[in-house]
Amino acid sequence: MPAEALKLGRQPAPRELEAAPQVTLTRSASLNLLQSLLDYSAKLVIGLLVVPIMVTGLGRSLFGIWEMLGRWVGYMDSTDGRASQALRLVISNQRSVDDPAAKRRWVGSALVVWCLFLPVWIGLGSLLIWLSPTITKVSPALHSTVRIACTLMTAGVLLGGLTSLPESVLRGMNLGYKRMGLQAGLSLLGGALLAGAVYGGFGLLGVAASGIVVAGLTGLCFWMVARRQVPWFGIERPGRAEVGSLLKMSIWIAAGDLVSKVLLASDVLVLGLVLSPSAVTTYVLSGYAARLAGNLHTLASDAAIPGLAGVIGEKNFQRAALVRQEMMAITLLFGTAAGSSILLWNRSFVHLWVGAENYAGPWTNLLLVVIAVQTAFIRCDAYLIDAALQPGRRVRVSAVAGVTALVLSLILTRWAGMVGLCLGIIAGRAIQSVWYPVLVQGCIGKAPGLSARWVARPLFFMGLVFA
Numbered sequence: 108m109p110a111e112a113l114k115l116g117r118q119p120a121p122r123e124l125e126a127a128p129q130v131t132l133t134r135s136a137s138l139n140l141l142q143s144l145l146d147y148s149a150k151l152v153i154g155l156l157v158v159p160i161m162v163t164g165l166g167r168s169l170f171g172i173w174e175m176l177g178r179w180v181g182y183m184d185s186t187d188g189r190a191s192q193a194l195r196l197v198i199s200n201q202r203s204v205d206d207p208a209a210k211r212r213w214v215g216s217a218l219v220v221w222c223l224f225l226p227v228w229i230g231l232g233s234l235l236i237w238l239s240p241t242i243t244k245v246s247p248a249l250h251s252t253v254r255i256a257c258t259l260m261t262a263g264v265l266l267g268g269l270t271s272l273p274e275s276v277l278r279g280m281n282l283g284y285k286r287m288g289l290q291a292g293l294s295l296l297g298g299a300l301l302a303g304a305v306y307g308g309f310g311l312l313g314v315a316a317s318g319i320v321v322a323g324l325t326g327l328c329f330w331m332v333a334r335r336q337v338p339w340f341g342i343e344r345p346g347r348a349e350v351g352s353l354l355k356m357s358i359w360i361a362a363g364d365l366v367s368k369v370l371l372a373s374d375v376l377v378l379g380l381v382l383s384p385s386a387v388t389t390y391v392l393s394g395y396a397a398r399l400a401g402n403l404h405t406l407a408s409d410a411a412i413p414g415l416a417g418v419i420g421e422k423n424f425q426r427a428a429l430v431r432q433e434m435m436a437i438t439l440l441f442g443t444a445a446g447s448s449i450l451l452w453n454r455s456f457v458h459l460w461v462g463a464e465n466y467a468g469p470w471t472n473l474l475l476v477v478i479a480v481q482t483a484f485i486r487c488d489a490y491l492i493d494a495a496l497q498p499g500r501r502v503r504v505s506a507v508a509g510v511t512a513l514v515l516s517l518i519l520t521r522w523a524g525m526v527g528l529c530l531g532i533i534a535g536r537a538i539q540s541v542w543y544p545v546l547v548q549g550c551i552g553k554a555p556g557l558s559a560r561w562v563a564r565p566l567f568f569m570g571l572v573f574a
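Using the working numbering, the first residue of the sequence shown is number 108, and each one after it goes up by one.
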């Protein structure tokens, strides 16, 4: 949906655009990145400490079931309408518009959209809870346990979607760094609750219940920070046109999020259905380092999105093209460095961390690195398309890629196990790798794109290093 269709209010005058110092965006992006790195570092440390505890305390099979439930509930996450993501994009795109009442109405619109999607969430959640024992292939003795755990996890994700609204306002105003340290502290609390649940013998139910506690505390803390840092923050009754505009964008974002989960999270589900929960555990632990690297890249890219959305909202497409080129260059360097490090040391890391029996082998390790690098490039262009408030364009392409990847993964996993799974994912996502750059050119007007030679040389060098 074009940004003009939103009719969000006054556009900034040209002299206001000239007066806006470029260093402000750079400084805000740097602070946002620092905040994200601090938070992710806390999650990384927690993961390194807590995952072995969970594998040992729950057992390989039950830990695999936990991972499968997490992916299925992750699919459910899209059915809340992704109102918080739509709100963040709108606030980012119209950050320079001086109309506090209109922005409060957009917060109210996001709350209305969340409520509109609630019946869908309840219906699909109930179906998932009932089918969860069949999906995870547990014995009859564990049916009740798995259903209750799935209920707790579903409730935690639903609550998290509601409480993320104040965080979306902070990030949309390019003030995400104002929560620096808060998210890290909440992550530490969540890790302590997980470890305590395992040590206390509460098992899968205790682990699932900890998510609800953390989601509630997170929402309360972010509400207080948003009230203190954003002068206009609040909720006003929205108009029908505002709710309709945000609803349309939310539907596209929710559809895109669901498709992304098919592309990014279906691997675990395919393995669990075709092979076993134990195979899921081996795959997840072997791919931990590659996912870590991918998440670090996402943090860096995400920190620049509020500023990039503002640039696109001001129709400064030349500058947006330069930002994209810088993001791609950083992705190439990061992918080469992180990928080669994982290829060198992941076997030793997994052996020391959780035991050699949880390493999937060198070919799976290589393909997991390729998937991580491919995903990083795809996300760069996906962020730019969303920043232009045109998520519908990428969702159509992603849907085709998602179906292709899922079908190929199911076929190739039966033939070649984890290696076949990875090959199916790479082949399916190649559709995005080809078409997303074309869509980006439609979002930034006639600004020059990346030449084939500019992309080919560093990719060739990356391939040599990996080899």
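Don't be surprised by glycine CBs; every beta carbon is placed ideally from N, CA and C.
Inside the segment 395-477 only - alpha helix (DSSP H) runs reaching at least 4 residues
395-420, 424-461
Taking the alpha carbon of C487 as the point to measure from, which residue in G181, H404, G509 has its own alpha carbon closest?
Numbered from its first residue, the sequence shown carries residue 487 at position 380. Closest by alpha carbon: H404.
Excluding the five sequence neighbours on either side, which residues of its own chain have a C-beta within less than 7 angstroms of the C-beta of V477, listed in chain order?
By one-based count along the sequence shown, residue 477 stands at place 370. Here the set comprises I533.
Go ahead and pull the three-state DSSP assignment for G279.
Counted from its first residue, the sequence shown places residue 279 at position 172. Note: G279 maps to helix in three-state DSSP.
If we ignore side chains and look at the alpha-carbon of each, how far apart do S275 and S357 end up?
Within the sequence shown, residue 275 is the residue found at index 168, counting from 1. Within the sequence shown, residue 357 is the residue found at index 250, counting from 1. Roughly 14 angstroms between the two C-alpha positions.
Cutting at 6 angstroms between CB atoms, please list the residues of its own chain near L301, excluding the five before and the five after it.
Taking the first residue of the sequence shown as 1, we reach residue 301 at position 194. Excluding positions up to five away in sequence, the list reads V157, V314, S317.
Quick one: residues in its chain with C-beta nearer than 8 angstroms to the C-beta of S385, no 5 flanking neighbours on either side, listed in chain order?
For the purposes of this step, residue 385 is identified with residue 278 of the sequence shown, where counting begins at 1. Cβ neighbours of S385 beyond the five flanking positions: R167, S168, G171.
As a quick exercise: from G499, L155, A396, R426, pick the residue whose alpha carbon is nearest that of T471.
One-based indexing of the sequence shown puts residue 471 at position 364. Among G499, L155, A396, R426, the Cα nearest to that of T471 belongs to A396.
Taking a contact to mean a Cβ-Cβ separation below 8 angstroms, would you say L353 touches L272 in this structure?
Your numbering for residue 353 matches position 246 in the sequence shown. Your numbering for residue 272 matches position 165 in the sequence shown. Cβ atoms of L353 and L272: not closer than 8 angstroms.
Suppose the cutoff is 6 angstroms on Cβ atoms and the five residues either side in sequence are ignored; what does the same chain contact list for I551 look like?
By 1-based counting over the sequence shown, the position of residue 551 is 444. Within the same chain, I551 has close Cβ partners F424, A427, A428.
For the structure I just gave you, are there three or more beta carbon pairs, one from the segment 285-299 and one from the segment 246-254, closer than 8 angstroms?
no
According to DSSP, is P128 helix, strand or coil?
Working through the sequence shown from its first residue, we reach residue 128 at position 21. Only weak support is given to the placement of P128: the predicted model assigns it a pLDDT of 41, under 50, and the value that follows is read from those uncertain coordinates. Three-state result, P128: coil.
Three-state secondary structure (DSSP) of V572:
Locating residue 572 in the sequence shown gives position 465, where the first residue counts as 1. Note: V572 maps to helix in three-state DSSP.
Using DSSP with H/G/I as helix, E/B as strand and the rest coil, what is R335?
In the sequence shown, counting from the first residue as 1, residue 335 sits at position 228. Helix at R335.
Scan the segment 175-247 and note each continuous beta strand (DSSP E) run of 3 residues or more that stays entirely inside, going in chain order.
none
Out of G442, D374, I449, point me to the one whose CA is closest to L515's CA.
Taking the sequence shown and counting its residues from 1, one reaches residue 515 at position 408. It is D374.
What would DSSP say about S383, mapped onto helix, strand or coil?
As a position in the sequence shown, residue 383 is number 276, starting the count at 1. It is coil, neither helix nor strand.
Alpha helix (DSSP H) segment containing G267, residue limits:
The sequence position of residue 267 within the sequence shown is 160, counting from 1. That run of the alpha helix (DSSP H) goes 250-270.
Just mark D493 as buried or exposed, buried being the case when its beta carbon has 16 or more other beta carbons within 10 Å.
Numbered from its first residue, the sequence shown carries residue 493 at position 386. Per the 10 Å Cβ criterion, buried.
Outcome for R536 when other beta-carbon atoms lying within 10 angstroms are tallied against a minimum of 16
For this step, residue 536 is matched to residue 429 along the sequence shown. Counting Cβ neighbours within 10 Å, R536 comes out buried, since at least 16 surround it.
For P469, which residues in the same chain have their Cβ closer than 8 angstroms to its Cβ, ignoring the five residues on either side in sequence?
Position 362 of the sequence shown, counted from the first residue, corresponds to residue 469. If we look at P469 and ignore the five residues flanking it on each side, its Cβ neighbours are R454.
Can you tell me whether DSSP reads R344 as helix, strand or coil?
Here the question's residue 344 lines up with position 237 in the sequence shown. Looking at R344 - three-state DSSP - the assignment turns out to be coil, as it is neither helix nor strand.
Would you check if the distance between the CB atom of V381 and the CB atom of L513 is smaller than 8 angstroms?
Counting from 1 along the sequence shown, the entry for residue 381 is found at position 274. Counting from 1 along the sequence shown, the entry for residue 513 is found at position 406. No.
What span of residues does the alpha helix (DSSP H) with A495 cover, start to end?
Here residue 495 refers to the residue found at position 388 of the sequence shown. No alpha helix (DSSP H) contains A495, which DSSP labels as neither H nor E.
Tell me the rounded alpha-carbon separation between A400 and R431.
Along the sequence shown, read from residue 1 onward, the residue named residue 400 stands at position 293. Along the sequence shown, read from residue 1 onward, the residue named residue 431 stands at position 324. The alpha-carbon atoms of A400 and R431 are separated by roughly 20 angstroms.
How close, in whole Å, do the beta carbons of A361 and R189 come, if the pair is a contact with beta carbons under 8 angstroms?
Here residue 361 corresponds to residue number 254 of the sequence shown, with the count starting at 1. Here residue 189 corresponds to residue number 82 of the sequence shown, with the count starting at 1. Going by Cβ atoms, the distance from A361 to R189 rounds to 4 angstroms, so yes, they are a contact pair.
Quick one: residues in its chain with C-beta nearer than 8 angstroms to the C-beta of L266, no 5 flanking neighbours on either side, listed in chain order?
If you number the sequence shown from 1, residue 266 lands on position 159. So the list reads I319, A322, G323, G326, once near-sequence residues are dropped.
How would you label V130, buried or exposed, when you count the other beta carbons within 10 angstroms and need 16 or more for buried?
On the sequence shown, position 23 is the one that residue 130 refers to. Because the pLDDT at V130 is just 43, under 50, the model does not fix this residue reliably, and the value given afterwards should be weighed accordingly. Under this definition V130 is an exposed residue.
Measuring alpha carbon to alpha carbon, tell me which of R503, P498, L439 ends up nearest A483.
Translated into the one-based positions of the sequence shown, residue 483 becomes position 376. It is L439.
Spatial neighbours of L475 within its chain, please: CB distance less than 6 angstroms, with the 5 preceding and 5 following residues excluded, ordered by chain position.
The count along the sequence shown starts at 1 and reaches residue 475 at position 368. Same-chain partners within the cutoff: G394, A397.
Three or more C-beta pairs closer than 8 angstroms, one from the segment 293-311 and one from the segment 149-156: is that the case here?
yes
So, at 6 angstroms on beta carbons, what are the nonlocal neighbours of E349 in its own chain, with the 5 sequence-adjacent residues on each side left out?
The residue you call residue 349 lines up with position 242 of the sequence shown. Answer for E349: R212, S216, listed in chain order.
Can you give the beta carbon distance from C257 to V180, rounded, assuming they're within the 8 angstroms contact cut?
As a first step, residue 257 must be located in the sequence shown, where it is residue number 150. As a first step, residue 180 must be located in the sequence shown, where it is residue number 73. That belief holds up - the Cβ atoms of C257 and V180 are roughly 7 angstroms apart, short of 8 angstroms.
Spatial neighbours of P128 within its chain, please: C-beta separation below 8 angstroms, excluding the five flanking residues on both sides.
For the purposes of this step, residue 128 is identified with residue 21 of the sequence shown, where counting begins at 1. Residue confidence is low: P128 scores 41 on pLDDT, short of 50, so the model does not pin down where it sits. Its coordinate-derived value is still stated next. Answer for P128: no residue qualifies.
Helix, strand or coil for G166, going by three-state DSSP, please let me know.
Residue mapping note: residue 166 aligns to position 59 of the sequence shown, counting from 1. In the structure shown, G166 sits in coil (DSSP, three-state: anything other than H, G, I, E or B).
In the structure shown, what three-state DSSP assignment does I160 receive?
Walking along the sequence shown from the start, residue 160 turns up at place 53. If DSSP states are grouped into helix, strand and coil, I160 belongs with the helices.
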